[in-house]
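Counting in my numbering, the sequence shown runs without a single skipped number right up to 365 at its last residue. Where is the CB? At the ideal position from N, CA and C, for every residue including glycine. Model, not experiment: these values are computed from the prediction.
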Amino acid sequence: MTAALKPIVAPAAAPVALAERLKAQAYGLGFDLAGITTLGAVATAEVFDEWVARGYAGEMAYLPRGAEKRHDTRLPYEGAVSALVVAMSYGGREPSGPVARYARGDDYHDVMVEKLNALHRWLEAETGAPIRGKSYVDTGPILERDLARRAGLGWFGKNTNLLHPASGSFFFLAGLFVEMELPPDAPFEAERCGSCTRCLDACPTGALVAPRTLDATKCISYLTIELKGAIPEELREKMGDLLYGCDICQEVCPWNEKFSRTLPDGSPFAAREALGGKDARVLARELLAMTQEEFSRAFSSSPMKRAKLRGLKRNAAVVLGNVGGAADVDVLERASHDDEPLVLEHAAWALRQLRSPHD
Ligand code: B12
Ligand code: SF4
Ligand code: SF4
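The following block contains the structure:
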C-alpha cells in the first residue's frame, strides 16, 4: 500500500511557453536531453518488486527499503506534481579502460545537482514566486529510468539502460521535482532494440539474465562498486582488467556505436590526472601502494570514492591476478600482508593466479 497523499493545494500551472523556455535553459546549462512529466504511479513498480524478490539487488539494502516510495513519484517530495527530467552525456567515444567512463571525472551528483538547482532558481525568477521543489540525482527513492521514459527521454534497452534514438545510453539521469504543474511531454512508447541481443551476448558474467533484467549480484559494476565484502571467486576471472564499473553492455550497443558523444573540452567528466590514460596494471599497482591520504588527494570529488580505498585495492588485486605478470608480484606480496583482511585475501588469490596461470 502506498502512503496517503497530501491533497495538492492548487499548484500554479505553467504555460507551454514557460516549459519550453525551461527546457531551453536546461540545454543552455549543458544538459543533452530534457523532458517534463507529471508525477504519479510508476508503470514498472511491479517489475521492481519482482526484481527485489528474486534477490537481484544483492546487498543494496537501500533499494527495497525505499520500495514504497519508488512505486509513486509523488511520494519522495510531498506536494510535487511535475518533474523536469534531464540527461547529461558522459561521452562514450573515449577508449575503454579499467575505469568505466562515468567515473573517470568529477562526481555527477555534484555536477548535475548544481545545474538543477540553478534551473529551480531560474523558474522562481521567471514566475516571480517561490516554488517548492527538490533536485534528485540518484539521491532519492526514485526509479529514474522509469521517470525518464515517462518524460520522453528514451526506451529501456535490453541491457536495462535508458536509450535515446539520437544519443545512445552513455548519459546520466536526474530530475527537478516541483510543486507546479508543468505541461508534460509524451512518454517514449517505442522499443527500438528489435531482434538485437548484442548486450546479452557480450556480458562476461551472464548478469543480463533476460532482456531488461539484470541480476546485479553478477554484474561487474556491482561487484567493483557496491559490494563491500569479498568478490565471489567464480566471478573474479570474468572481471578481466575492469577495476571500477563496466561499460561492456553499452559499448557493444549499435545505438552507442552510432550516436555516443565526444566529451567537450573542459568537461567535468573528462578523466582526472590520477587516471590519465593509464592501463589497468599500472593503475592497479598504484592503487595497491596508495595511502589513505594519497587516495583522498588524488580522488577528491571523484565517484570512485564510493568503493573506498579498501574496495579499490580489492579490485586492483583481482585485476592483477587476471592480467598481471612478474612485475606485479612485489606489490601483491606486500598487499598480501595488508592490515585489511579483504585486501590481503584478494592479493593472496591474485598471487596464486599468477603462480599457476590457466591455459
Ligand atoms: C542500483 C543501480 C545500479 C545497480 C543495478 C543496476 C540495474 N540495472 O538495476 C548496479 C550497481 C549494477 C548499477 C550499474 C550501472 N549503473 Co546504475 N543505478 C542504480 C540505481 C541507483 C537504481 C536502479 C534500480 O532501481 N534498479 C532496479 C531495476 C529493477 O531497475 P532497472 O534495471 O533500472 O530497470 C527498469 C527498466 O529497465 C524497466 N524494466 C526492467 N525490466 C523490465 C521488463 C519489462 C518487461 C518492462 C516493460 C520493463 C522493464 O523497469 C525497471 C524499473 O523502472 C539508478 C539510479 C536510480 N535511482 O534509478 C542508477 C542508474 C540506473 N545507473 C546508471 C549507470 C550509469 C550505471 C552503469 C552504466 C555504471 C557503470 N558503467 O558501471 C551500470 C550499468 C549496468 C546496467 N546494465 O544496468 C544510470 C543509468 C543511466 C541510463 N542511461 O540508463 C542511473 C539512472 C544513475 C543516474 N542517475 O544516471 N546501477
Ligand atoms: S555492466 Fe558489464 S557485467 Fe554488468 S550487465 Fe553490463 S556487461 Fe554485464
Ligand atoms: S545492444 Fe542491442 S539489445 Fe542491447 S540495448 Fe543495445 S540495441 Fe538493445
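Could you check if residue i is buried or exposed, using at least 16 other CB atoms within 10 Å of its CB as the buried criterion?
i      : result
Leu129 : buried
Tyr33  : exposed
Tyr114 : buried
Thr230 : buried
Ala49  : exposed
Lys234 : exposed
Arg303 : exposed
Ala91  : The identity of residue 91 in the sequence shown is Val, whereas the question assumes Ala. The residue is buried, with at least 16 neighbouring Cβ atoms inside 10 Å.
Ser266 : buried
Ala59  : exposed
Tyr68  : exposed
Lys319 : buried
Asp344 : buried
Pro104 : buried
Ser175 : buried
Glu185 : buried
Lys314 : exposed
Pro13  : Below a pLDDT of 50, predicted positions are generally treated as unreliable, and Pro13, at 42, falls in that range; no measurement from the model is reported.
Thr211 : buried
Thr283 : Before going on, a small fix: residue 283 reads as Gly here, not Thr. Flag for Gly283 reads exposed.
Gly46  : exposed
Thr79  : buried
Ser362 : exposed
Compute every distance between the C-beta of residue i and the non-hydrogen atoms of ligand 5, then say whether any falls below 7 Å.
i      : result
Met310 : Summarising the ligand content, the structure contains ligand 1, ligand 2 and ligand 3 and does not contain ligand 5.
Cα separation between residue i and residue j?
i      : j      : result
Gly160 : Cys199 : 11 Å
Thr297 : Arg316 : 10 Å
Glu240 : Arg204 : 23 Å
Ala10  : Val87  : No answer about Ala10 holds up, because its pLDDT of 42 lies below 50 and its placement is not dependable.
Trp261 : Ser342 : 43 Å
Ala25  : Ala89  : 11 Å
Glu243 : Gly327 : 8 Å
Ser340 : Ala332 : Strictly speaking, residue 340 in this sequence is Arg, with Ser absent from that position. Looking at the two C-alpha atoms, the distance is approximately 14 Å.
Val258 : Ala208 : 7 Å
Leu369 : Lys29  : Examination of residue 369 is not possible in this model, given that the chain is present from 7 through 365 alone.
Ala371 : Leu293 : With the chain covering only 7 through 365, there is no way to say anything about residue 371.
Pro190 : Phe275 : 30 Å
Leu206 : Pro217 : 7 Å
Ala222 : Leu149 : 16 Å
Lys75  : Glu84  : 11 Å
Phe37  : Ala356 : 42 Å
Glu197 : Arg151 : 14 Å
Gly97  : His170 : 14 Å
Val15  : Val22  : With a pLDDT of 48 at Val15, under the threshold of 50, the modelled position of that residue is not reliable, and the figure given next carries that caveat. Computed Cα separation, rounded: 21 Å.
Glu300 : Lys264 : 39 Å
Leu281 : Leu39  : 28 Å
Pro147 : Ala73  : 7 Å
Ile42  : Leu81  : 18 Å
Arg127 : Glu187 : 16 Å
Pro193 : Ala93  : 15 Å
Asp338 : Thr44  : A small fix is needed here, since residue 338 is Leu in this sequence, not Asp. Using only the alpha carbons, I get a separation of about 53 Å.
Ala286 : Gly139 : 43 Å
Thr8   : Leu220 : Because the pLDDT of Thr8 is 38, which lies under 50, any placement of that residue in the model is unreliable, and the number read from its coordinates should be weighed accordingly. Cα to Cα, the separation comes out at about 26 Å.
His77  : Pro70  : 11 Å
Ala295 : Gly64  : 30 Å
Ala109 : Pro101 : 14 Å
Cys202 : Met66  : 30 Å
Gly330 : Ile237 : 18 Å
What whole-angstrom Cβ distance do residue i and residue j have, given they're in contact under 8 Å?
i      : j      : result
Met310 : Tyr250 : 6 Å
Asp253 : Arg107 : 6 Å
Ser273 : Asp116 : At roughly 14 Å, the Cβ-Cβ gap does not stay under 8 Å, so Ser273 and Asp116 are not in contact.
Helix, strand or coil, according to DSSP, for residue i in the structure here?
i      : result
Glu351 : helix
Glu187 : strand
Tyr68  : helix
His366 : Any property of residue 366 remains undetermined from this structure, which presents the chain solely from 7 to 365.
Pro110 : What sits at residue 110 in the sequence shown is Arg, not Pro. Arg110 falls in the coil class under three-state DSSP.
Leu11  : Annotation note: pLDDT 47 at Leu11 (below 50); position unreliable, no value reported.
Tyr33  : helix
Ile254 : helix
Asp152 : helix
Ala313 : helix
Thr268 : coil
Ala192 : coil
Ile42  : strand
Gly98  : strand
Ala157 : coil
Does any C-beta atom of chain C lie closer than 8 Å to the C-beta of residue i?
i      : result
Glu120 : This model lacks chain C altogether, as it is built from one protein chain only.
Taking 8 Å as the threshold, find out whether the region 150-166 comes into contact with the region 120-129 through three or more Cβ pairs. No contact exists between the region 150-166 and the region 120-129.
Count the CB pairs spanning the region 322-331 and the region 345-360 that are closer than 8 Å, and state whether there are at least three. With three or more CB-CB distances shorter than 8 Å, the region 322-331 counts as touching the region 345-360.
Could you check whether the region 179-196 touches the region 136-149, counting it as contact only if at least three pairs of C-beta atoms, one from each stretch, sit closer than 8 Å? yes
Would the region 159-173 count as touching the region 130-139 if we require 3 or more Cβ pairs under 8 Å? no
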